[in-house]
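Take the sequence shown: its letter number 243 is residue 481 in my numbering, and every next letter is one higher.
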Amino acid sequence: MASEIERDDATNEGGTVTVIDRREAIRRVTALLGGLALVGGDALLTGCSDRSSPLGRDAQFTAQDVAFLDEVADTILPPTKTPGAKAAKTGAFMALMVTDSYAPEDQQAFREGMRTLDEASMKDNKVGFMQATPQQRLSLLERLDREQKADSDARAARAKEKERADKQRAGTATAVAPTDTGKNASDKHLPDQRQENAPGAANVTPTQAITKEPPRHYFRMMKELALLGYFTSEIGCTQAMRYVESPGRFDPCAPYTKGETAWASHA
């Protein structure tokens, strides 16, 4: 009879039979083959480990959370001649992506954003987002979309200004630095520590070193995930867009009639 844990027997030097589980077996085979020789060993061991979210139990999405995200996505991509985002189960996709792919600070911003969105609906319409009418939902999300656009524009402007300042600072440092052809000369082939100490290396103040952009606006995350989830779903690929399972040859030029849907990409 098979037990809950797949086991194997191993005999030690004294002849005593011991029981090992799959994880221990993988470790022993890895050691025998020299560690790196076992391709995919890390991935196998990862499958034996706990993959709980770094934010703990509070980061897990409930069925109510997924339903909330479905309604947000369906307001962004409502049903028309083709099914909307809710029909494509985009909410579940959004929850999975946030849990498995987002950094802890972005996960937290996303979850807090869900609460903020619901509170905004209560403030504007005297009802939560789930109880709001389609027009009330659309009006709220349009306002949030303007907010996230302003936030994104401000980020882009700051990034552009930082790039300009960095180039100016690097140019100034290079101009005033004495020529040094010795062992401390700045060389791209030197280790990072030696480059940092070499003349002409960019000087970064402690304030600049710890400066970090806060997470993006929560509605931008929601909108991006809604679009990605829908247009990579079966409904999005085969009904909202045109999909050919086996496209065959590549035609760089194809006739297009105004109003035709775009072609879906292939994995």
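The C-beta atom is built at its ideal place from N, Cα and C for all residues, glycine as well.
**Request:** May I ask you to report which of helix, strand or coil DSSP gives Asp303?
**Result:** helix
**Prompt:** CB-CB under 6 Å to Pro452, same chain, minus the five flanking residues each way: which ones, in chain order?
**Reply:** none
**Asked** With which residues is Asp383 paired in a DSSP beta bridge?
**Response** Asp383 is not bridged to any residue.
**Item:** Residue from Ser359, Tyr468 and Leu379 with nearest C-alpha to Thr320
**Value:** Tyr468
**Asked** Can you give the beta carbon distance from Thr313 to Arg375, rounded, assuming they're within the 8 Å contact cut?
**Response** 5 Å
**DSSP state of Asp489 mapped onto helix, strand, coil** = coil
**Request:** Run the CB neighbour count on Val482, radius 10 Å, all protein chains shown included, and call it buried at 16 or more, exposed below.
**Result:** exposed
**Asked** Of the choices Lys450, Gly497 and Glu309, whose alpha-carbon is the least far from that of Thr371?
**Response** Glu309
**Message:** What residue range does the alpha helix (DSSP H) around Ala347 cover?
**Reply:** Pro342 to Asn363
**Request:** Just tell me which of Glu380, Tyr494 and Gln477 has its CA closest to the CA of Ala326.
**Result:** Gln477
**Message:** For the alpha helix (DSSP H) containing Phe331, name the first residue and the last one.
**Reply:** Thr328 to Ser339
**Message:** Considering just the uninterrupted stretch of the alpha helix (DSSP H) at Ala464, what are its terminal residues?
**Reply:** Tyr456 to Phe469
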